[in-house]
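Undergrad: Just add 94 to wherever you are in the sequence shown, counting from 1, and you've got this note's numbering.
The beta carbon of each residue, even a glycine, is placed where N, CA and C say it ideally should be.
Got a structure here, written out as structure tokens. Questions coming.
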Amino acid sequence: MSSNPGAREAPCGIVRRVSATPAAQALIERLRTVHGQLMFHQSGGCCDGSAPMCFALGEFQTGDADVCLGEIAGAPPST
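In structure tokens, the structure reads:
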């Protein structure tokens, strides 16, 4: 557990490392209404860049090197 009192455990058993502003949470909810459940993938850089990417759940296949960072605005972890 983290010594940070504001941190909580993510569903995947690790300390939360992602967050969203209220405006971002509202946008995620609008996207979910149109596209269904979502997942986010944060690339490690290089060819994909390092911006988080949003997919309909199941449209992106994670690999062995992917690490669960947590859940954001109700979107499940991608691993």
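With which residues is C148 paired in a DSSP beta bridge?
TA: One-based indexing of the sequence shown puts residue 148 at position 54. Note: C148 sits in a beta bridge opposite F134.
Undergrad: Compute the distance between the beta-carbons of Q155 and P146, then report whether it is under 8 angstroms.
TA: Reading the sequence shown from its first residue, position 61 is the one you call residue 155. Reading the sequence shown from its first residue, position 52 is the one you call residue 146. Not in contact: Q155 and P146 (Cβ atoms no closer than 8 angstroms).
Undergrad: To the nearest angstrom, how far is it from the Cα of V161 to the Cα of G130?
TA: Within the sequence shown, the letter at position 67 stands for residue 161. Within the sequence shown, the letter at position 36 stands for residue 130. Counting only the Cα atoms, G130 lies some 23 angstroms from V161.
Undergrad: For S97, which residues of its own chain have a beta-carbon under 8 angstroms away from its beta-carbon, when the five flanking residues on both sides are left out?
TA: Taking the sequence shown and counting its residues from 1, the one referred to as residue 97 is at position 3. Residue placement at S97 is flagged as unreliable, the pLDDT there being 42, under the threshold of 50; the coordinate-derived value follows with that caveat. Excluding positions up to five away in sequence, the list is empty.
Undergrad: Taking the alpha helix (DSSP H) that V128 falls in, what are its first and last residues?
TA: Residue mapping note: residue 128 aligns to position 34 of the sequence shown, counting from 1. Residues P116 to H129.
Undergrad: Using C-beta distances below 6 angstroms, list every residue in its chain close to F149, excluding the 5 sequence neighbours before and after it, in chain order.
TA: By one-based count along the sequence shown, residue 149 stands at place 55. Same-chain partners within the cutoff: M133.
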